[in-house]
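Only one structure is covered here, and it is reproduced in the block below.
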Amino acid sequence: MPEVHTRGGARIRYDDTGQGEPALLFIPGWCTTRASFQKLIPRCSAFRRALSVDIRGHGESEGGGTDFDSTTVLEDLLAVVEASGARHIVPVAMSHAGWWALDLRRALGPARVPRMVLLDWIATEPTPAFLRAVRGLQTERWSKVRDSLLQGWLEGLDDDAIHRFVRDDMGAFDEAMWARAGREIEAAYAREGSPLRALAALEPMPLTMHLYARPESHDYLAAQVDFGAEHPGFHVLKLPATSHFPALEVPAMVAAGIEALVSAREVPVHADAVPA
34 MPEVHTRGGA RIRYDDTGQG EPALLFIPGW CTTRASFQKL IPRCSAFRRA LSVDIRGHGE
94 SEGGGTDFDS TTVLEDLLAV VEASGARHIV PVAMSHAGWW ALDLRRALGP ARVPRMVLLD
154 WIATEPTPAF LRAVRGLQTE RWSKVRDSLL QGWLEGLDDD AIHRFVRDDM GAFDEAMWAR
214 AGREIEAAYA REGSPLRALA ALEPMPLTMH LYARPESHDY LAAQVDFGAE HPGFHVLKLP
274 ATSHFPALEV PAMVAAGIEA LVSAREVPVH ADAVPA
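Heads up, the sequence shown is in the working numbering, so the first residue is 34 and it goes up one at a time.
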């Protein structure tokens, strides 16, 4: 398995499969691992090169033994990109890993990061309930808050394998990591306002696709469609999935959406759903 040595002596490990550029860089969110892309990578690497990383302190990547923040994770991701030799990358970011996708674009510029894919992220300003949750992760109530989040992300899903994955993968992270996740996610929204606002500030804005399943809210979808009407580089697809984990639940649809965006020569048409 390829690895890079980064700040603090951490070793960041990643998979490198497939061929062709731009390379896809799969970035899991906080408190999960690259295994969250296990059903997606084989489909995507059939078309092009796929780099799938465990971020610092997650999965098979080491943490360096000290506290770290989002800036450190960004440095690690940049080291992976440079070590891979990829000239052009398309970040495929799960949930709040989208903040790192935005930072990669800022750091590497539009020539090297021309497009990005966001998976099931809170693209608009967060609700008060969500902000209370990320703050709760930073308190002695963290385990109850975590369990409530996981339960909400799986609500209505009748798939034992995904339930087990979430329990065994995300449930394995300790108090320190969940508190760190809450701290960094809260800080990102305080700094940026919302992912859509941050995207609009990029010049030029990258061609971007948001593939998501939750929440089931007309207003949430409408806000993104309206944003896309004002910013033609942004496109949203509401997937026919139940959970917060569409890459595990409907991987073929997610892979098709990724390839459509990456290979598109013309601006894709907006859609509010992918047909079943």
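Beta carbons: idealized from backbone N, C-alpha and C, even for Gly.
Taking the Cα positions, V113 is about 20 Å away from T99. DSSP, reduced to helix, strand and coil, places H91 outside both helices and strands of the structure shown, so it counts as coil. Considering only R179, A130, A116 and Q171, the residue with the shortest C-alpha distance to L107 is A130. In the structure shown, M203 falls within a helical segment according to DSSP collapsed to helix, strand and coil. Listed in chain order, the alpha helix (DSSP H) elements of length 4 or more contained wholly in the region 102 to 142 are 103 to 117 and 131 to 141.
Each of P284, A297 and F163 was checked against the Cα of T241, and the nearest Cα belongs to A297. With contacts defined by Cβ atoms closer than 7 Å, W133 and I45 do not form a contacting pair. Taking 7 Å as the cut-off, the beta carbon of L84 is found closer than this to the beta carbon of Y47. Relative to the Cα of S69, the nearest Cα in the group L294, G42, M127 and L111 belongs to M127. In this structure, the alpha-carbon of Q257 lies about 8 Å from that of H268.
Scanning the region 203 to 265 from its first residue to its last, the whole beta strand (DSSP E) runs of 3-plus residues come out as 240 to 245.
Rounded to the nearest angstrom, the gap between the Cα atoms of P35 and V125 is 19 Å. V123 places its beta carbon 7 Å or farther from that of V283. Classified as exposed, K177 has fewer than 16 neighbouring CB atoms from the shown chains inside 10 Å of its CB.
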